[in-house]
Each structure stands twice: as C-alpha cells, then as structure tokens.
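Per the UniProt record's numbering, the very first residue in the sequence shown carries number 1; after that it's consecutive.
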Amino acid sequence: MWRRFRSFDRAVQLLMLNQLAINVGFYMLMPYLAGHLSQGLGMAAWAVGLVLGMRNLSQQGLFLFGGTIADRFGYRPAIIAGCLLRTAGFGLLGFVDALPALLVASAMTGSAGALFNPAVRAYIAHEAGERRVEAFALFNVFGQAGILLGPLIGLGLMAVDFRLVCVVAAAVFAVLTVMQVLTLPPCRRAAAEQGGVLSGWRVVVTNRAFVLFAVAMAGAYVLSFQVYLALPLELGDAGAVGLLFAVSAVVAIAGQLRITDWARRRWSAEQAIVRGLALMAVAFVPLILYGFAGPGLRVPAVLACTVLLTLGTVLTYPFEMDTVVALSGGRRVATHYGFYNTVAGVGIALGNLLVGRVLDSAAPLAWLVLAGVGAASGVAVWLLHHAEGALSRHPPWARRRRTSPASTRS
Numbered sequence: 001m002w003r004r005f006r007s008f009d010r011a012v013q014l015l016m017l018n019q020l021a022i023n024v025g026f027y028m029l030m031p032y033l034a035g036h037l038s039q040g041l042g043m044a045a046w047a048v049g050l051v052l053g054m055r056n057l058s059q060q061g062l063f064l065f066g067g068t069i070a071d072r073f074g075y076r077p078a079i080i081a082g083c084l085l086r087t088a089g090f091g092l093l094g095f096v097d098a099l100p101a102l103l104v105a106s107a108m109t110g111s112a113g114a115l116f117n118p119a120v121r122a123y124i125a126h127e128a129g130e131r132r133v134e135a136f137a138l139f140n141v142f143g144q145a146g147i148l149l150g151p152l153i154g155l156g157l158m159a160v161d162f163r164l165v166c167v168v169a170a171a172v173f174a175v176l177t178v179m180q181v182l183t184l185p186p187c188r189r190a191a192a193e194q195g196g197v198l199s200g201w202r203v204v205v206t207n208r209a210f211v212l213f214a215v216a217m218a219g220a221y222v223l224s225f226q227v228y229l230a231l232p233l234e235l236g237d238a239g240a241v242g243l244l245f246a247v248s249a250v251v252a253i254a255g256q257l258r259i260t261d262w263a264r265r266r267w268s269a270e271q272a273i274v275r276g277l278a279l280m281a282v283a284f285v286p287l288i289l290y291g292f293a294g295p296g297l298r299v300p301a302v303l304a305c306t307v308l309l310t311l312g313t314v315l316t317y318p319f320e321m322d323t324v325v326a327l328s329g330g331r332r333v334a335t336h337y338g339f340y341n342t343v344a345g346v347g348i349a350l351g352n353l354l355v356g357r358v359l360d361s362a363a364p365l366a367w368l369v370l371a372g373v374g375a376a377s378g379v380a381v382w383l384l385h386h387a388e389g390a391l392s393r394h395p396p397w398a399r400r401r402r403t404s405p406a407s408t409r410s
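As structure tokens, this is what we get:
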C-alpha cells in the first residue's frame, strides 16, 4: 500500500491523507452526538432526531450545490471552505445547548461535507488520470482506516468530556484547513467550467446514461447503509455493534487493493459493478437462513452479512467512481458527483423508510426485500450497459486490456 501511495503525485497523496483525517474527525464525534444530546443535555427524542436529521439533510440536499461550486470556482477552494466550515460546526456543537444553535451547528457540519466531498473526488479523478480506479481503491482504504480509528479515539476522549471530543475533532479540521491552504496545489484543469448554474445542471440532468446509472446505483447505497440501521437493530447489543463496524473496516482495509487488482485483470467496469451488486444482494442470505435455524446464530449471521456486504462494496466502489467520470465525458465532473450523491441520499432515505416499516411489521421479510434491492440494482446496471450501451465508454485501462493479446485469459 505504501508503494502505491508513493507512486501518485503529491496532490493525490494529500487528498488521501485528507480523507483519513476527515473520517477520523467525523467518526470520533458523530457516533456519540445522540448520547450527548439525549443524556448530557436532556433533549427529547424528537429534538435529537431533528438535530441529527439536519446534518444529513444539509449534506445530502446540498451535494449538487457543492459540486457546482467546485466546478465553478475550483476544487481546491471548495475543499478548503468545507474543512473550515466543519471546523466551526464541530467547535460549536461542543459549546451550545439551545436547539436553534445546535441546528445551525449541525447544518454547518453537513454543508461542509457537501462542499468538499464532490470536490475531492473530482480532483482525484482529474489528477490520477488513467489510474483512477487504482486511486479510488486506495482512497477508500484511507477512508476506512479513518472510520476504524475515529470511534476509538472518540471513545477515549468521551471518558473525559464530550466538549473535549468536539474540540479535538474541530482541531483536526482546523489543521486540515491549514494544510490545504499551504500545500494543496490548484487542480491542473485545462479550463474553468463556463456557463451559469442552471446551464451546468442542464448538462448533468440531460445526460441520460449518467442519470440512469445514478438511479440504478442508489440501491447499492441503501444496502451499504444497513450497517448503520438494520444490522445494529438486529444485534441490539452495543458491544456486538462495535464489533460489526470493526469487522467492516478491517475487511475493507485488508481487501480493497487486492480485490480491485484482481477484478481489473478479469472484468470490465460494468462487469465488476454488476458482480459487486450481486454479492451485496447475496450478503443478506445468511440472515434469511438464520431465521429458519434459530436465534443462536444471530451474531454469526449478522457478521457474515457484514463481511459479504463490505466485500461487495469494496468490489464496486472504485469502478462506480470511475464510471461517473467516464459518463460525464470530463465535463463538470464535480457537479456530476454532487448529483450522484444527491440521488444516493434520496435512495437511502426512501430505502430506510421502507426497511424500517418492514422491520416493524415482519422483520425476516426485510432481508428478502434488501436482497431484492441488490438484485434489482445489478440487473438495472446490466440492462443499462447491454440494452442502452450506456457504459460502453470504458476507461483507458479497460480498452488496453481488451486489445492486448497478453491479457487474453487462457
């Protein structure tokens, strides 16, 4: 991994370290915010939900705006502004107790993510060039490492005081802001995106192949989000839930580069994505089977689901990120990422509503529904490629693999 990391230029290296620090800062605080609001501040459950929902709404709802800003003013300014805004938001969360102020702080943290998320991915896609898939695989490794370390650091700081967690998390983003200002070079784009906001959005929404791909892939995000919703609810025990997150992160860190390299040698981007979605659908089979075997297998079934779900995500992620760039044609890449994340957010919200209602009425049926969502997404991507030819714009590495006699499998 270190050799791969050193092989990229400085800008890509900085953005990978940036993702590690972003996730460390975010996950050292956010898992403990609900407990602080309900137990530390004595807020009602509806108010806690409102504060947490504000963060999610402001991030998912503003992704398209964040991507538009990045394309219009540059990736670097959007990244710096996002880190600065999250510094202020996290700092404010630790020192206010009134609901309006908490809502403002929560909106600031979400808006920050909407600013730097599309910009970082567009920056990496541009700077990595033909190595986009490899770059996004390594990017995910750094992100997963942050997800693994963040809650552990936050747990240690929580033993002292929640305010200390907020101060340290804000300090992480403050350091990131300074790092970006001093060391992150401007992205070497040939020219800034021209035209107004509406014309830019028109470019995205009239890109039929891209919009259909975004809608088809929303199911993958519904499934991956169940690590935060359905699987913890099934386990119930807090210690087991911690094990679930640790297993997911370790599998991703250990397997990402190996799985991506293996898939690149054998499959096109479309084939890798479809197989990853199929694996995510199969991930819920252990939970379907445990319903017939009895409650004694609950924890093994949930952990098996977590491992398979993570492997499916690991297989899919670098290729879907690359496909977004390919379908954008290199135009308004950050705006395309912003729209893609917005569609994913809407999918997660609708999917969680459906899964939650099924869990309340007939829990075993939820696993069948989720498996069906994964299968439907895989079929949709397959049809999009074979019926529409929409995913035929393969990246350069895929074209080379097809035309090179040495790459033909025996």
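Idealized CB from N, CA, C, for every residue including glycine. These figures come from a predicted structure and were not determined experimentally.
Contacting residues, own chain, Cβ-Cβ under 6 Å from G345 (five flanking each side not counted) | Q60
Under the rule that 16 or more other beta-carbon atoms within 10 Å means buried, what is P118, buried or exposed?
-> buried
Run the CB neighbour count on L198, radius 10 Å, all protein chains shown included, and call it buried at 16 or more, exposed below.
-> exposed
Output the distance between the C-alpha atoms of M321 and V133, rounded to the nearest integer angstrom.
-> 8 Å
DSSP three-state assignment for M28, whether helix, strand or coil | coil
Have a look at L289, I69 and V333 and flag the residue whose alpha-carbon is nearest the alpha-carbon of L365.
-> L289
When DSSP labels each residue in this structure, what does A135 get in the three-state scheme?
-> helix
Cβ shell of A283 (< 7 Å), same chain only, five flanking positions each side left out = C305, L308, L309 and G312
Can you give the Cα-Cα distance for A81 and Y123, rounded to whole angstroms?
-> 15 Å
When burial is assigned at 16 or more other CB atoms within 10 Å of the CB, is H386 buried or exposed?
-> exposed
Touch check for the region 11–31 and the region 150–164: three-plus C-beta pairs under 8 Å?
-> yes
Residues of its chain near Q144, where Cβ-Cβ distance is below 6 Å and the 5 sequence neighbours each way are ignored = A249, A252 and I253
Nonlocal neighbours in the same chain, by C-beta distance under 6 Å from G338, ignoring five residues either side = F63, L64, G66, G67 and P118
Assign A145 to one of three DSSP states: helix, strand, or coil.
-> helix
In chain order, which alpha helix (DSSP H) runs of at least 4 residues are fully inside the region 193–251?
-> 197–205, 208–224 and 230–235
Would you mind working out which of V314, L212, S377 and V120 sits nearest D71, comparing C-alpha positions?
-> V120
DSSP on P118, reduced to helix/strand/coil?
-> helix
Taking the alpha-carbon positions, what's the A209 to G156 distance?
-> 47 Å
A281 versus Y75: straight-line alpha-carbon distance, rounded = 35 Å
Proximity below 8 Å, CB of V24 to CB of V222 | no
Alpha-carbon spacing of L102 relative to R4, whole angstroms = 42 Å
With distances taken between CB atoms, is the gap from L235 to V141 smaller than 8 Å?
-> no
Look at the alpha carbon of M16 and the alpha carbon of G110, and state the distance between them as a whole number of angstroms.
-> 20 Å
Between L229, Q256, R202 and I259, which lies nearest to F245 when the distance is taken from Cα to Cα?
-> L229
In three-state DSSP terms, what is P186?
-> coil
Which value, in whole angstroms, describes the spacing of the CA atoms of M158 and L164?
-> 7 Å
Is the CB-CB distance between W382 and V274 below 8 Å?
-> yes
DSSP three-state assignment for A191, whether helix, strand or coil = The predicted model places A191 with a pLDDT of 46, which falls under 50 and marks its position as unreliable; any figure quoted below should be read in that light. In the structure shown, A191 sits in coil (DSSP, three-state: anything other than H, G, I, E or B).
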